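Reviewing the structure listed below.
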Amino acid sequence: MFEHRKQRNAVIISFIFNGALFGAWASRIPAFVEQFAITSQQLSMLLLCLAAGAITSFPVAGKITDSIGAARLCIITFIGYTIVFMTLGLGNNLYALYFLVFLFGGFHGAMDVAMNTWAAQVESASDKTLMPFFHAMFSLGAGFGAASGAIASWSHTAINLHFILFAASFLLLLIPLNNAVSSASTSKDISSDKPAFKLPRGNLFIVALVAFCCALSEGAMADWTAIFMNQELGSSHGEAAAAYSFFAIAMFLTRLSGQYLIEQLGKITVVRASAVSSMIGLFFILLTDHIYLGYLGFSLIGIGCSIVMPLAFSKAADSTLKNKGSAIASVAIFAYGGMLLGPVMIGFLATMFSLKIAFLLFILLFMLMFSGAKSLR
Numbered sequence: 284m285f286e287h288r289k290q291r292n293a294v295i296i297s298f299i300f301n302g303a304l305f306g307a308w309a310s311r312i313p314a315f316v317e318q319f320a321i322t323s324q325q326l327s328m329l330l331l332c333l334a335a336g337a338i339t340s341f342p343v344a345g346k347i348t349d350s351i352g353a354a355r356l357c358i359i360t361f362i363g364y365t366i367v368f369m370t371l372g373l374g375n376n377l378y379a380l381y382f383l384v385f386l387f388g389g390f391h392g393a394m395d396v397a398m399n400t401w402a403a404q405v406e407s408a409s410d411k412t413l414m415p416f417f418h419a420m421f422s423l424g425a426g427f428g429a430a431s432g433a434i435a436s437w438s439h440t441a442i443n444l445h446f447i448l449f450a451a452s453f454l455l456l457l458i459p460l461n462n463a464v465s466s467a468s469t470s471k472d473i474s475s476d477k478p479a480f481k482l483p484r485g486n487l488f489i490v491a492l493v494a495f496c497c498a499l500s501e502g503a504m505a506d507w508t509a510i511f512m513n514q515e516l517g518s519s520h521g522e523a524a525a526a527y528s529f530f531a532i533a534m535f536l537t538r539l540s541g542q543y544l545i546e547q548l549g550k551i552t553v554v555r556a557s558a559v560s561s562m563i564g565l566f567f568i569l570l571t572d573h574i575y576l577g578y579l580g581f582s583l584i585g586i587g588c589s590i591v592m593p594l595a596f597s598k599a600a601d602s603t604l605k606n607k608g609s610a611i612a613s614v615a616i617f618a619y620g621g622m623l624l625g626p627v628m629i630g631f632l633a634t635m636f637s638l639k640i641a642f643l644l645f646i647l648l649f650m651l652m653f654s655g656a657k658s659l660r
């Protein structure tokens, strides 16, 4: 029991930490735009570098996880993620920032693979459904990160100082992580002689598509919420940074109650209600110019995006008796690929048309989530 609790706490730390750095980065994007005089097209390229780094890391991280174990890779990526995050504010030109953001995306993606694999191992050793809770911890961390960005913006703290101090505050968490690694499972979930990525088939492809739509929306909100608030609703940098905090906290609270909602309403109803909540939130932010209604809209979208991803991972694990790791990996690549490509797609659409027009893409995504709900039952 004690060993299981130690492993569970280490996974919780990993999710909180990963979300915190990503939330801090997302909340300070307007400050980067201002500091480097970044155009919409250049911002799209910057976010493409983030996506490219993460997607490139997925198959590599999968192979390394099979070789040394998810827990050990969590330690390695924790350190690399921290170092790169601290350097993001130190770039003196846009091309240096492109490179650093590529590395940031790479470590973020690699840690995502490692911590989700570790979470699956901990969940399989338990008689409880823990994945929604672990993802709630990511949302909690993202909320902390966004809150730190709002405080830094309001206090006019430089990006480099904010990022260095914020990342350094997590370094002591390496101690419990390291203590948990020695006894963590190092069993291989995916045979090393199989390809790192296999396209999902049948119902699992629909599951992956639903996860892709949800994750694309979540990823786009992470990087464009603050920009939307600043440019479309005329908010200050501090108010804009707070908007993503509302989004992330709404996701966190909903994920905490996810298991109860699923037991009471069923998976199909929960997924459909999630799509409807997201659609209502989208209407709020597109049809109003009031900052506080914008906060409400992003909160409703956070609620809508909260439970679908954990359900998709659980369904992937339940879809086969063998090669569960391969099934989870195939859905994860769709999901996290969507999360990191979403900001890029919104950026290019915003360049071609406008940011409000670009946000209309979410209508299609939320409709696909609603129609694909049965695949997750």
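Position in the sequence shown counted from 1, then plus 283, gives you my numbering. For every residue, glycine included, the Cβ atom is placed at its ideal position computed from N, Cα and C. On a predicted model such as this, the values are computed, not experimentally measured, just so you know.
Residue nearest to Ala441 within the set Asp395, Thr370 and Ala408 is Thr370 (criterion: CA-CA distance).
Counting only runs of 4+ residues, the alpha helix (DSSP H) found wholly inside the stretch 496-557 occupies 520-539 and 541-548, in chain order.
Where Gly388 is concerned, the enclosing alpha helix (DSSP H) starts and stops at Leu377 to Ser407. Here Ile489 has Gly655 and Ser658 as same chain residues with Cβ atoms under 8 Å from its own Cβ, once five neighbours each way along the sequence are excluded. The Cβ atoms of Thr400 and Ala353 sit closer than 8 Å to each other. Note that the C-beta distance between Ser297 and Met414 is not below 8 Å. Using a C-beta cut-off of 8 Å, the stretch 418-426 makes no contact with the stretch 361-368, since fewer than three inter-stretch Cβ pairs fall below that distance. In the three-state DSSP reduction, Asp601 falls in the helix class (H, G or I). For Gly426, the uninterrupted alpha helix (DSSP H) segment begins and ends at Met414 to Trp437. Where Gly363 is concerned, the enclosing alpha helix (DSSP H) starts and stops at Ala353 to Thr370. Take Phe385, set aside five residues on each side of it, and the residues of its chain with a beta-carbon closer than 8 Å to its own are Cys332, Leu333, Ala335 and Gly336, in chain order. With fewer than three CB-CB distances shorter than 8 Å, the stretch 625-636 does not count as touching the stretch 337-349.
If you compare the alpha carbons of Gly363, Pro342 and Val396 with that of Leu383, the shortest gap goes to Gly363. Counting C-beta atoms within 10 angstroms of its own C-beta, Gln547 has fewer than 16 neighbours from the protein chains shown and is therefore classed as exposed. His573 sits in coil when the DSSP states are folded into three classes, being neither helix nor strand.
Closest by C-alpha distance to Lys289, out of Ile359, Ala463 and Phe300, is Ala463.
Sequence-distant partners of Ile545 (beyond 5 residues in either direction) whose C-beta falls short of 7 Å from its own C-beta, in its chain, are Val553. Membership of Leu444 in the alpha helix (DSSP H) is indicated by the continuous run Ile442 to Ala451. Met420 is positioned such that its CB atom lies closer than 8 Å to that of Ile299.
Per DSSP, reduced to three states, the secondary structure at Leu643 is coil, with no helix or strand assignment. Closest in C-alpha terms to Leu326, from the list Phe416, Ile351 and Trp507, comes Trp507. Of the other Cβ atoms in all chains shown, fewer than 16 fall within 10 Å of the Cβ of Leu454; this residue is therefore exposed. Scanning its chain for C-beta atoms nearer than 8 Å, with the 5 sequence neighbours on each side dropped, one finds around Val316 the residues Leu326 and Ile510, in chain order. Burial state of Asn376 is exposed, judged by a 10 Å Cβ sphere holding fewer than 16 other Cβ atoms. Excluding residues up to 5 positions away in sequence, Ser560, Ile563 and Gly564 lie with their Cβ nearer than 6 Å to the Cβ of Leu583 in the same chain.
Taking C-beta separations shorter than 7 Å and ignoring five residues to either side along the sequence, the partners of Ala450 in its chain run Leu304, Thr365, Phe368 and Met369, following chain order. With a cutoff of 8 Å on beta-carbon distance, Arg555 and His445 are scored as not near each other. With a cutoff of 8 Å on beta-carbon distance, Cys588 and Ser528 are scored as not near each other. Around Leu569, the same chain offers Lys639 and Phe642 as residues with beta carbons nearer than 7 Å, after the five sequence neighbours per side are excluded.
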